[in-house]
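Notes to accompany the following structure.
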Amino acid sequence: MLTFLFGTAAWGRIGVPINFRLNHEEISYIIEHSGAEVLIVDPELEDTLKEVKVKHFFCMGRDSDEVLFKAGEPSPWVPDEDATATINYTSGTTARPKGFEMTHRMLWTNAAIFGWQTGVKIVMCFLHTLPIFH
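The sequence shown begins at 7 in our numbering and counts up one residue at a time.
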């Protein structure tokens, strides 16, 4: 999961974490609504999600890095703190799941404020993340 979070941000792409407890229809809706082109799943979810329509489908531990990167080098990305880093979706308990965009600045600010309020020091190693789905 850390590879997903940091990798998509560093690559200049938008991550769309999806609650694995959602049903096939809800996951398909999120993929279509967000415009996601790549779906990376755990092996336990492969059979459940293999019919989801997406441009690229990868199963972790089954598809090699060669398959993931056969298209060559990604386009260069110029960092932009106001660019969308993730689109997180609510559970959709009263309607369809709703997506909300989080920018790189929002993620950095969350981490900075957490560190300030908890007294995390520069010599400490600490990882605090927001829930990746709601």
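We put the beta carbon where it would ideally sit given N, CA and C, even for glycine.
Thinking C-alpha only, which one of the options is nearest residue i?
i	options	result
residue 84	29, 62, 118 and 110	110
residue 98	31, 8, 15 and 14	31
residue 79	11, 18 and 24	18
residue 108	100, 127, 86 and 129	86
residue 28	102, 12, 64 and 8	102
residue 33	55, 12 and 93	55
residue 41	93, 15, 14 and 53	93
Where does residue i sit, in a helix, a strand or coil, going by DSSP?
i	result
residue 63	strand
residue 41	coil
residue 116	helix
residue 33	helix
residue 13	helix
residue 52	helix
residue 21	strand
residue 98	coil
residue 121	helix
Is the beta carbon of residue j closer than 8 Å to that of residue i?
i	j	result
residue 43	residue 61	yes
residue 26	residue 51	yes
residue 113	residue 89	no
residue 49	residue 67	yes
residue 105	residue 39	yes
residue 23	residue 138	yes
Our contact map puts residue i next to residue j with C-beta atoms below 8 Å; I'd like the distance itself, whole angstroms only.
i	j	result
residue 95	residue 36	5 Å
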